[in-house]
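The structure appears below as structure tokens.
Number of protein chains: 2
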Amino acid sequence: MRIGELARRTGVSERSLRYYEEQGLLAAERTPGGHREYPEAAVDRVVRIQELFAAGLCSSKIARLLPCMRDADGGPSAVATPKLVEDLAAERERIDRTIADLLRSRETLDEVIDAARGR
Amino acid sequence: MRIGELARRTGVSERSLRYYEEQGLLAAERTPGGHREYPEAAVDRVVRIQELFAAGLCSSKIARLLPCMRDADGGPSAVATPKLVEDLAAERERIDRTIADLLRSRETLDEVIDAARGR
DNA sequence: CTAGAACTTGACACTGATGTCAGTTTCAAG
DNA sequence: CTTGAAACTGACATCAGTGTCAAGTTCTAG
Chain P
1 MRIGELARRT GVSERSLRYY EEQGLLAAER TPGGHREYPE AAVDRVVRIQ
51 ELFAAGLCSS KIARLLPCMR DADGGPSAVA TPKLVEDLAA ERERIDRTIA
101 DLLRSRETLD EVIDAARGR
Chain F
1 MRIGELARRT GVSERSLRYY EEQGLLAAER TPGGHREYPE AAVDRVVRIQ
51 ELFAAGLCSS KIARLLPCMR DADGGPSAVA TPKLVEDLAA ERERIDRTIA
101 DLLRSRETLD EVIDAARGR
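First to last, the sequence lines map onto chains P and F. Heads up: the first sequence is residues 1 to 119, going by the UniProt record's numbering. Heads up: the second sequence is residues 1 to 119, going by the UniProt record's numbering.
Here it is, written out as structure tokens:
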């Protein structure tokens, strides 16, 4: 499929999809005229990438991580190096802290909302 | 206490504390010479502010939210307007989606980490 | 009184993903 | 062919919190 369809199906802008390619996150074949041609699996991959961005990982870490993930179709094509594992473990902890923050903030919002809606 | 101590005790930079004041998030008395003087309660407040920032709220929303929160010492000094409640409910949903993203990403990281560490 | 630590304001830089615009080229249907 | 939709590259803008530096002022211990 081409970039417009991929954008539509994932809800990610074309701009971002090109950026992902630039960052080595998302490969694409090219038509003879130079247009990007994505395989079906790209949809899943883009969703994964978005999740990881939303989780606060930067593109370079995502780039190192992606080859080690088991894809929708088939096992991982690489195993994480010790260095990467260390990095990911740190990200994991950061994510845990973030979740804790979010839960506390959600609690705070709920209190204010409930108070305003009359308990 | 003064800004240096508050920064030390909260782990937030002096720069950020001044920014919070500029944004109307954190009031401070002034010494005759112009130095900021914070009450003890500022520590809790700064922690709350940081949590809300970490949860992805922007300073203007935090500014509107803060007066409606029950502080460490005493009840809220205001009740949220309907407009604010609507905003906060939207933020709440965004937070829920973010938490879901984080959980999925954490799962992904765990898979890669476990695979590298030999299952 | 004095030295040095701590504080003040103001300004500019950065980050990093994404938006947007311009000018050109390719694709696909009639 | 022609034509309009879709895609290409490249460049510059944005956002918002934070870092950092400079030049000057205040505070406090000795």
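Ideal Cβ placement from N, Cα and C applies to all residues, glycine included.
Can you list, in chain order, the residues of its chain whose CB lies under 8 Å from that of I95 (chain P), leaving out five sequence neighbours each side?
Taken in chain order, the residues that qualify are A55 and G56.
Looking at C-beta atoms only, is the number of pairs between the stretch 112–119 of chain P and the stretch 83–101 of chain P that lie closer than 8 Å three or more?
The stretch 112–119 of chain P, when compared against the stretch 83–101 of chain P, does not touch it at the 8 Å Cβ threshold.
Comparing the C-beta of R8 (chain F) with each C-beta of chain P, is any distance below 8 Å?
By the rule that beta-carbons nearer than 8 Å mark a contact, R8 (chain F) does not touch chain P.
Is A80 (chain P) buried or exposed, if buried means 16 or more other CB atoms sit within 10 Å of its CB?
Burial call: buried.
Using only alpha-carbon positions, find the residue among P:T98, P:L65, P:L17 and P:R30 that is nearest to R87 (chain P).
Per the sequence shown, the amino acid found at residue 87 (chain P) is Asp instead of Arg. Comparing Cα positions, the closest option is P:L65.
With a cut-off of 8 Å, does the C-beta of M1 (chain P) fall near any C-beta of chain F?
Output row for M1 (chain P): interface = no.
Within a Cβ cutoff of 6 Å, which residues of the same chain sit near I24 (chain F), ignoring the five residues on either side of it in sequence?
Note that residue 24 (chain F) is Gly in the sequence shown, not Ile. Spatial neighbours of G24 (chain F) in its own chain (CB-CB distance under 6 Å, excluding positions within 5 residues in sequence) are listed in chain order as A63.
Buried or exposed, going by whether 16 or more other CB atoms sit within 10 Å of the CB of R97 (chain F)?
Here R97 (chain F) is exposed, its C-beta having fewer than 16 other C-beta atoms within 10 Å.
Candidates P:C58, P:K83 and P:R36: closest to R15 (chain P) by CA position:
In terms of CA proximity to R15 (chain P), P:R36 leads the group P:C58, P:K83 and P:R36.
Nearest chain F C-beta to L26 (chain P) closer than 8 Å, yes or no?
Residue-level contact check: L26 (chain P) does not touch chain F, since none of the beta carbons of chain F fall below 8 Å from its beta carbon.
Counting along the chain, where does the alpha helix (DSSP H) carrying E40 (chain F) start and finish?
Going by DSSP, E40 (chain F) is part of no alpha helix (DSSP H) at all; its letter is neither H nor E.
Beta-carbon spacing of E107 (chain F), R70 (chain P) below 8 Å:
Contact annotation: E107 (chain F) and R70 (chain P) have beta-carbon atoms that are not nearer than 8 Å.
Return the Cβ separation of E51 (chain P) and D101 (chain F) in integer angstroms, given the expectation that the two are a contact with Cβ distance under 8 Å.
Sure, about 5 Å apart at Cβ, within 8 Å.
Within the continuous alpha helix (DSSP H) that includes S59 (chain F), where are the two ends?
Where S59 (chain F) is concerned, the enclosing alpha helix (DSSP H) stretches over S59 to L65.
Would R45 (chain F) pass as a contact of L17 (chain F) if the rule is Cβ separation under 8 Å?
In this structure, L17 (chain F) does not lie closer than 8 Å to R45 (chain F) by Cβ.
So, helix, strand or coil for R15 (chain F), using DSSP?
Residue state, collapsed to three classes: helix.
Neighbour flag for R45 (chain P) against chain F, beta carbons, 8 Å:
No, R45 (chain P) lies away from the interface with chain F (no Cβ there is under 8 Å from its Cβ).
Residue(s) in a DSSP beta bridge with R104 (chain P):
Beta-bridge partners of R104 (chain P) (DSSP): none assigned.
CB contact flag (R9 (chain P), V43 (chain P), <8 Å)
In contact: R9 (chain P) and V43 (chain P) (Cβ atoms closer than 8 Å).
From the DSSP output, read off the bridge partner residues of E29 (chain F).
According to DSSP, E29 (chain F) shares a beta bridge with F:E37.
Which residues in the same chain as Y38 (chain P) place their Cβ atom closer than 6 Å to its Cβ, once the five residues preceding and following it in sequence are excluded?
Excluding residues up to 5 positions away in sequence, M1, L6 and A28 lie with their Cβ nearer than 6 Å to the Cβ of Y38 (chain P) in the same chain.
For S59 (chain F), which residues in the same chain have their Cβ closer than 7 Å to its Cβ, ignoring the five residues on either side in sequence?
Non-local beta-carbon contacts of S59 (chain F) in its own chain, meaning distances under 7 Å to residues more than five positions away in sequence, involve Q23 and L25 in chain order.
What residues in the stretch 104–118 of chain P have a beta carbon less than 8 Å from any beta carbon of chain F?
Legend: CB atoms of the stretch 104–118 of chain P lying less than 8 Å from CB atoms of chain F belong to residues R104, S105, R106, T108, L109, D110, E111, V112, I113, A115, A116 and R117.
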